[in-house]
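All residue numbers for the sequence shown refer to our numbering, where the first residue is 655 and numbers rise by one.
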Amino acid sequence: MEGSSDNSALVSFALYLGVTFLLAWLAGRKKSGKGFVDEYFLGNRNLGLWAFALTFAATSSSGGSFMGFPSLIYVHGWSLALWIAGYMFVPVLGMALLGKRLNRLARKVGAIAVPEVLRKRFGDARVGGVATGLLLFFMFFYLLAQFKAGGKIMATLLEEVEIFQAATDWMREATSGLPWVGQADPAYLVCLVVFAVAVVAYVTYGGFRAVVWTDVMQGVVMGIGVVIMLCLALSQVGGLENATRKMAEMTPPEKGKATFTWDRSGKAPVLRKGTWVEAQTTAGSEVALRLAESLYFSRDGNGTMVAKALLLTSEPERERIKPQPLPNGLSLVGLETKPYESGAGEKGVYVRPPGPSADDAGGFLAVGLALSFFLFWPFGNSGQPSNMVRLMAFRDVNTLRRAILVVCVYYSFLYFSLVIIFCCGRLLLPGMEIDPDRIMPELAAHLTEAAGIPWLAGLLVAAPFAAVMSSVDSFLLLVSSTVVRDVYQQKVNPNASERKIKRLTYRTTCLLGVAAALAVVNPPEFLQTLIVFASGGLAGCFLMPMTLGLYWPRMTAAGALAGMLGGLVTYGGCYLAGWFVHGKFAAYAPLDFHPFLWSLLVSGVAVVVVSLTSSPPDERLVSKFFRED
């Protein structure tokens, strides 16, 4: 972290991790002697108010909330307030719409996973099989985003620690020349391995109860962290009004490539990623560049190297940087930059919609997309199987009702505060466009260092780390329960002993963690891209079949299958079209509405039409789920 003068932040962060593992150990002891499946995956369905409210809030507030959202706020400005405003309605819709009926149905049939709920509701193994496949596919993308966030946070915290730098150098040498892995940032790679081992270990040992207990602690940590960061950020920018006025003077930077040549005199130069360098171009002008990747020159290597770089264009940002001159013998011989497609050279683009965009001439957030995301977050979160599992575990209806109010207040404060904090971050930390997903831990370090309390950085960094861990543990547990219940017990060994189930659960969790870590060695630039894709896909496939299945007796198994597959085809088709239209992994949004809304529409229509045109459901199923007390 920039400006770190000691390891006090690391110590405070280590204390937080120690408490996390202590809770996992206590949870592991508490589950001893109880039925493994119900206890391990749902904590015996006995969550009280604060446990239920905070585990729901913490699970929904993933790495996207504390890493993805902040990066987008930093890059695109105040328009993100419109993008995430719908989050305040997540508990009202997600908990109220499905909570009571889903909890009752899951208890009645003894279900521990979403595919199992659907399979038993419709009495058709095909419904459970399709649900399992969809869940495993989209949840894997969710895990990739969280693993990336965990690695980025730890890399930021540890970058000034001597032993970590030694580990980074070893990783660079060990992976040099290897396909895929050798292309990764070695510092990030070291942290990714550490994070994966840590989170898999405590989830494997502690199960659902460990996840819930740590979620409670993590929910508190997130709230306290946001309060502290909000106060420090506003004080260091001179208040919200002053911050907004300065943001209105900013213009977007330019991204490009810088070519350096070393004449082989003196010591071989090293320019690390994130370094601000002052140099003279061949045209004679002085420029200050921030390197987006490291350069390591050697006497037996090429004397000319190219690095991605960032060039600031606004005076308020230039005033805050302290570039260093190039080492002796090193010179800048070429510089190619590209202005933003939307907002280049325009003052005020960071304080008004649609916000600047590097690759979209229409700006970041068109009106249709703003409306889409206002609906996306509450409906999208309602359709998340990880949240549905939480709804299976609360104690009673009174717990549900009070939890809705608690989570509404929590989210309202959390997300509007994040917008303010990271708009302030634009003023305090210029040039974070080179790695925007690191803005949260970098800003935490900067704020505490400037306030003279560097040890507090560890606790502030614990806030996004808590969000990441609370999501990873939930997702790992969700996928493990699905594999155990709807794959192994349903298809392979229906009479499996508790010992075999336990062993398979542990192995599944470990293998999934390894696979996710390997897949995210070279992640996409924006973490939120993965989260939006996974969230929209899961909700587009599951929300309408689950909601109508809980409330509509006439719905059939064929309707459930049509709804899930209709949502998948629509959603996947839009992203496939986006690949051809945009030339990258991005959504194609017809009429500027996000594919999630189209998939939700198609899924709902498919459920209704196919259910009404297919044979009525078995009367015994209807009676069991809708007429019996």
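Heads up, the beta-carbon is just placed ideally off N, CA and C, and yes, glycines get one too. Please read these numbers as outputs of a predicted model, since none were measured by experiment.
- Query: Are the beta-carbon atoms belonging to R747 and T1053 less than 8 Å from one another?
  - Reply: The sequence shown places Leu at residue 747, not Arg. It is not a contact, given that the beta carbons lie outside the stated cut-off.
- Message: My output table needs one value for V931: the three-state DSSP class, helix, strand or coil.
- Response: strand
- Item | Cross-strand partners of W916 (DSSP beta bridge) | Answer is L984, bridged to W916.
- Query: Under a Cβ-count criterion, where at least 16 other Cβ atoms within 10 Å of its own Cβ denotes burial, should W1031 be classed as buried or exposed?
  - Reply: buried
- Message: Check whether the region 782-794 and the region 1071-1090 touch, using three or more Cβ-Cβ pairs below 8 Å as the test.
- Response: No, the region 782-794 is not in contact with the region 1071-1090.
- In its own chain, which residues sit with a C-beta less than 6 Å from the C-beta of Y1004, not counting the 5 before and 5 after it? G731, M901, M904
- Task: May I ask which residues mark the beginning and end of the beta strand (DSSP E) holding T1224?
- Result: Where T1224 is concerned, there is no enclosing beta strand (DSSP E), although the alpha helix (DSSP H) it sits in stretches over 1211-1236.
- Query: Roughly how many whole angstroms lie between the Cα atoms of A739 and Y1069?
  - Reply: For A739 and Y1069, the distance between alpha carbons rounds to 8 Å.
- Whether W834 touches V1126 by CB criterion (8 Å): no
- If you draw a straight line from the C-alpha of M1094 to the C-alpha of K754, how long is it? Their backbone Cα atoms lie some 36 Å apart in a straight line.
- Message: What would DSSP say about S996, mapped onto helix, strand or coil?
- Response: strand
- Message: Suppose the cutoff is 8 Å on Cβ atoms and the five residues either side in sequence are ignored; what does the same chain contact list for C1228 look like?
- Response: Excluding the 5 residues flanking it on each side, C1228 has same chain C-beta neighbours closer than 8 Å at A1241, Y1242, A1243, P1244, P1249, W1252, S1253, in chain order.
- Count the other CB atoms, across all protein chains shown, that sit within 10 Å of the CB of K774; report buried if there are 16 or more and exposed otherwise. buried
- Query: First and last residue of the beta strand (DSSP E) that includes A961?
  - Reply: Note, A961: beta strand (DSSP E), 958-965.
- Query: If you run the structure through DSSP and keep just helix, strand and coil, what is G748?
  - Reply: Reduced to three states, the DSSP call for G748 is helix.
- Which residues in the same chain as A828 place their Cβ atom closer than 6 Å to its Cβ, once the five residues preceding and following it in sequence are excluded? none
- Use the C-beta contact count for I1075: other C-beta atoms within 10 angstroms, 16 or more gives buried, fewer gives exposed. The Cβ neighbour count for I1075, taken over all protein chains shown within 10 Å, is at least 16; the residue is labelled buried.
- Item | Bridge partner(s) assigned by DSSP for V941 | A933, per the DSSP bridge assignment.
- Message: Is it buried or exposed, F667, if we count other Cβ atoms within 10 angstroms and call 16 or more buried?
- Response: With 16 or more neighbouring CB atoms inside 10 Å of its own CB, F667 falls in the buried class.
- Out of E969, P977, A922, which has the shortest C-alpha to C-alpha gap to A1288? Past the edges of the chain, shown from 655 to 1283, lies residue 1288, and the structure says nothing about it.
- When the Cα of G1085 is compared with those of A1117, K962, P1199, which residue comes out closest? When only C-alpha atoms are compared, the closest one is K962.
- Ends of the alpha helix (DSSP H) at R972? 969-972
- Query: How many angstroms separate the CA atom of K688 from the CA atom of E1152?
  - Reply: Per-residue confidence for K688 stands at a pLDDT of 48, beneath the threshold of 50, marking its modelled position as unreliable; the derived number appears in the next sentence. Spanning the two alpha carbons is a distance of roughly 11 Å.
- Query: Out of curiosity, what's the CA-to-CA distance linking F818 and A663?
  - Reply: 14 Å
- For N757, does the count of other Cβ atoms within 10 angstroms reach 16, so buried, or fall short, so exposed? Classified as buried, N757 has 16 or more neighbouring CB atoms from the shown chains inside 10 Å of its CB.
- Message: Check for me: the alpha helix (DSSP H) holding N1149 runs from which residue to which?
- Response: That residue, N1149, is in no alpha helix (DSSP H); it is neither H nor E in DSSP.
- Closer than 7 Å by C-beta to A1104: which residues in its own chain qualify, once you throw out the five before and the five after it? Chain order, please. Q890
- Query: Which one of S830, G836, V847, Y796 has the shortest CA to CA distance from V1168?
  - Reply: V847
- Under 7 Å Cβ to Cβ from I1058, same chain only, skipping five residues before and after it: list those, please. P745, V746, M749, A750
- Answer with buried or exposed for S686, where buried requires no fewer than 16 other C-beta atoms within 10 angstroms of its C-beta. No answer about S686 holds up, because its pLDDT of 47 lies below 50 and its placement is not dependable.
- Item | Coarse secondary structure for T991, derived from DSSP in three states | strand
- Item | Cβ distance (whole Å) where K909 is taken to contact A1012 below 8 Å | Correct: roughly 7 Å between the Cβ atoms.
- Alpha carbon to alpha carbon, what distance is there between C885 and T1136? Each residue's Cα considered, the two are about 43 Å apart.
- Query: From what residue to what residue does the alpha helix (DSSP H) around S948 run?
  - Reply: Run containing S948: none; DSSP gives neither H nor E here.
- Message: What does the alpha-carbon distance come out to for the pair K1001 and P970?
- Response: 11 Å
- In three-state terms, what does DSSP make of K1156? helix
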